[in-house]
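A.B. asks: Okay, here's the structure, questions in a sec.
In this note's numbering, the protein residues as written are 46 to 338.
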């Protein structure tokens, strides 16, 4: 058996997670429910990450080298800006199992990571999670592309995730995620910016009445409270919008839409962790900044 292949059992390889945030911990719990041992490495991670990992039943390998040695499959699920560095760190360990990048990155960066881990002897699978952390009754989709995509899909119970294999080429799963986020999170940034500008001009109440009066625009206000609560997670969306800009730029399309969306979300970073306490006024204040409301 090759060094750092981590294949303790060909039928049910151990699955390592880098790193078990909310989504990573939820996916790890599903692999355990499907008969796999789920692993993580606590070195350098926060106390909050440790709480999530223990709650999901992950076994702690301690360090990255130990995690690589014990994992037949490694799932990278981290903020987009860290994806390349994490892949390089895993490659430096000589990992030769299946490396799954489940980050919100552009297709170009997915292909770059594929090259990095393949050079060290690993197999690459491009993955994209669309939807909330998978719980029963939720519409969570996992897209997979790569020659070993079926082996990764087999780690998850099909009744808890909608699994789609979308081809053998790296980047295809990431493309679906990128273009979904282009509309889903790009339009949310546009809504926040529009309401902030209307507030600054003193016409927000009038604009909201206009939106509400027409079926085509009434949807902008439907679920606004939920959209505002999402602002507490906006620090994560900024990097994703940078990746979407890269994805569109690959095809000669303007990057500016989503570069601006990234800036909107960066302005909201001060709301991180506020969750249910966030109100629209705080979002507008954060966006308008020194110009005031």
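Each residue gets a CB set at the ideal place from its N, CA and C atoms; glycine is no exception.
Bear in mind that the values here come from a model prediction, so they are computed numbers and not experimental data.
1. Using 10 angstroms around the beta-carbon of residue 189, count the other beta-carbons present and answer buried if the total reaches 16, otherwise exposed.
2. Nearest to residue 100 by CA position, among 83, 111 and 88, is which residue?
3. Quick one: residues in its chain with C-beta nearer than 8 Å to the C-beta of residue 262, no 5 flanking neighbours on either side, listed in chain order?
4. Apart from the five residues just before and just after residue 103, which ones in its own chain have a Cβ nearer than 7 Å to its Cβ?
5. If you scan the segment 82-141 from start to end, which runs of the beta strand (DSSP E) of 3 or more residues do you find wholly inside it?
6. Could you tell me whether the Cβ atoms of residue 317 and residue 332 are closer together than 7 Å?
7. When you compare only the Cα positions, how much space is there between residue 109 and residue 89?
8. Taking the alpha-carbon of residue 282 as reference, which of 271, 267 and 303 has the nearest alpha-carbon?
9. Tell me the residue span of the beta strand (DSSP E) that contains residue 62.
10. Is it true that the segment 153-160 meets the segment 125-142, where meeting means three or more beta-carbon pairs spaced less than 8 Å apart?
11. Mind listing, in chain order, the continuous beta strand (DSSP E) runs of no fewer than 3 residues lying wholly within the segment 138-194?
12. Among residues of its own chain, excluding the 5 on either side of residue 67, which ones have a beta-carbon nearer than 6 Å to its beta-carbon?
13. Could you tell me how far apart the beta carbons of residue 233 and residue 272 are, in whole angstroms, since I believe they sit closer than 8 Å?
14. Can you tell me which of 169, 176 and 150 puts its alpha carbon nearest to the alpha carbon of residue 196?
15. Starting from residue 313, follow the alpha helix (DSSP H) in both directions and report where the run begins and ends.
16. Within the continuous alpha helix (DSSP H) that includes residue 253, where are the two ends?
17. Does the distance from the CB of residue 290 to the CB of residue 300 come in under 7 Å?
18. Does the Cβ of residue 286 have 16 or more other Cβ atoms within 10 Å, making it buried, or fewer, making it exposed?
19. Just mark residue 267 as buried or exposed, buried being the case when its beta carbon has 16 or more other beta carbons within 10 Å.
20. For residue 266, does the three-state DSSP call read helix, strand or coil?
21. Per DSSP, what kind of secondary structure is residue 214 in: helix, strand or coil?
22. With DSSP as the reference, identify every bridge partner of residue 208, one or two as the case may be.
23. Between the Cα of residue 70 and those of 151, 176, 213 and 96, spot the shortest distance and give me the residue it belongs to.
24. Whose C-beta lies closer than 6 Å to the C-beta of residue 193 among residues of the same chain, with five residues either side of it excluded?
25. Quick check: the Cα distance between residue 51 and residue 269, rounded to an integer number of angstroms?
26. On the criterion of 16 or more Cβ atoms from any shown chain inside 10 Å, does residue 180 qualify as buried, or is it exposed?
27. Candidates 207, 243, 81 and 139: which alpha carbon is nearest residue 111's?
28. Measure the alpha-carbon distance for residue 250 versus residue 152 and round it to whole angstroms.
29. Taking residue 289 as part of the alpha helix (DSSP H), name the residues at either end of that continuous run.
30. When DSSP labels each residue in this structure, what does residue 334 get in the three-state scheme?
C.D. replies: Reading from the atomic positions:
1. Along the chain shown, one-based indexing puts residue 189 at 144. Burial of residue 189 is indicated by the presence of at least 16 other C-beta atoms within 10 angstroms of its C-beta.
2. By one-based count along the chain shown, residue 100 stands at place 55. Nearest of 83, 111 and 88 to residue 100, Cα basis: 83.
3. In the chain shown, the residue the question calls residue 262 occupies position 217. Cβ within range, chain order: 255 and 256.
4. On the chain shown, residue 103 is found 58 positions in, with the first residue counted as 1. The residues 62, 65, 73, 83, 84 and 85, in chain order, have a CB closer than 7 Å to that of residue 103 in the same chain once the five nearest residues on each side in sequence are set aside.
5. With a minimum length of 3 residues, the continuous beta strand (DSSP E) runs that stay inside the segment 82-141 are 83-85 and 118-121.
6. Numbered from 1 along the chain shown, position 272 holds the residue referred to as residue 317. Numbered from 1 along the chain shown, position 287 holds the residue referred to as residue 332. Not a contact, by the Cβ cut-off of 7 Å.
7. Taking the chain shown and counting its residues from 1, one reaches residue 109 at position 64. Taking the chain shown and counting its residues from 1, one reaches residue 89 at position 44. Approximately 10 Å, taken between the alpha carbons.
8. In the chain shown, counting from the first residue as 1, residue 282 sits at position 237. Among 271, 267 and 303, the Cα nearest to that of residue 282 belongs to 303.
9. Working through the chain shown from its first residue, we reach residue 62 at position 17. Membership of residue 62 in the beta strand (DSSP E) is indicated by the continuous run 60-63.
10. Cβ pair count under 8 Å is three or more, so yes.
11. Taken in chain order, the complete beta strand (DSSP E) segments of 3 residues or longer contained in the segment 138-194 are 143-146, 168-175 and 186-190.
12. For the purposes of this step, residue 67 is taken as residue 22 along the chain shown, with counting starting at 1. 178.
13. In the chain shown, residue 233 corresponds to position 188, counting from 1. In the chain shown, residue 272 corresponds to position 227, counting from 1. A Cβ-Cβ separation of about 6 Å places residue 233 in contact with residue 272 under the 8 Å criterion.
14. Locating residue 196 in the chain shown gives position 151, where the first residue counts as 1. Taking only the C-alpha atoms, the option nearest residue 196 is 169.
15. Translated into the one-based positions of the chain shown, residue 313 becomes position 268. Per DSSP, residue 313 lies in no alpha helix (DSSP H) segment and is marked neither H nor E.
16. Start at 1 with the first residue of the chain shown, and residue 253 comes out as number 208. Where residue 253 is concerned, the enclosing alpha helix (DSSP H) stretches over 249-257.
17. Stepping through the chain shown from its first residue, residue 290 is reached at position 245. Stepping through the chain shown from its first residue, residue 300 is reached at position 255. Yes, Cβ-Cβ distance for residue 290 and residue 300 is below 7 Å.
18. For the purposes of this step, residue 286 is taken as the residue at position 241 of the chain shown. With 16 or more other Cβ atoms within 10 Å, it is buried.
19. For this step, residue 267 is matched to residue 222 along the chain shown. With fewer than 16 Cβ atoms within 10 Å of its Cβ, residue 267 is classed as exposed.
20. Working through the chain shown from its first residue, we reach residue 266 at position 221. Secondary structure at residue 266: coil, using DSSP grouped into helix, strand and coil.
21. Sequence index remark: in the chain shown, residue 214 carries index 169 (1-based). Coil at residue 214, not helix or strand.
22. Locating residue 208 in the chain shown gives position 163, counting from the first residue. Paired residue(s): 187.
23. Counting from one through the chain shown, the residue named residue 70 turns up at place 25. Ranking 151, 176, 213 and 96 by Cα distance to residue 70 puts 96 first.
24. Here residue 193 is taken as the residue at index 148 of the chain shown, counted from 1. So the list reads 143, 168 and 170, once near-sequence residues are dropped.
25. On the chain shown, residue 51 is found 6 positions in, with the first residue counted as 1. On the chain shown, residue 269 is found 224 positions in, with the first residue counted as 1. Caution is warranted here: a pLDDT of 47 is assigned to residue 51, below 50, making its placement in the model unreliable, and no coordinate value can be reported.
26. The sequence position of residue 180 within the chain shown is 135, counting from 1. Exposed.
27. Along the chain shown, read from residue 1 onward, the residue named residue 111 stands at position 66. Out of 207, 243, 81 and 139, 139 has the C-alpha closest to the C-alpha of residue 111.
28. If you number the chain shown from 1, residue 250 lands on position 205. If you number the chain shown from 1, residue 152 lands on position 107. Spanning the two alpha carbons is a distance of roughly 41 Å.
29. The residue labelled residue 289 in the question sits at position 244 within the chain shown. It spans 279-294 - the alpha helix (DSSP H) in which residue 289 sits, taken as one unbroken run.
30. Counting from one through the chain shown, the residue named residue 334 turns up at place 289. Correct three-state label for residue 334: helix.
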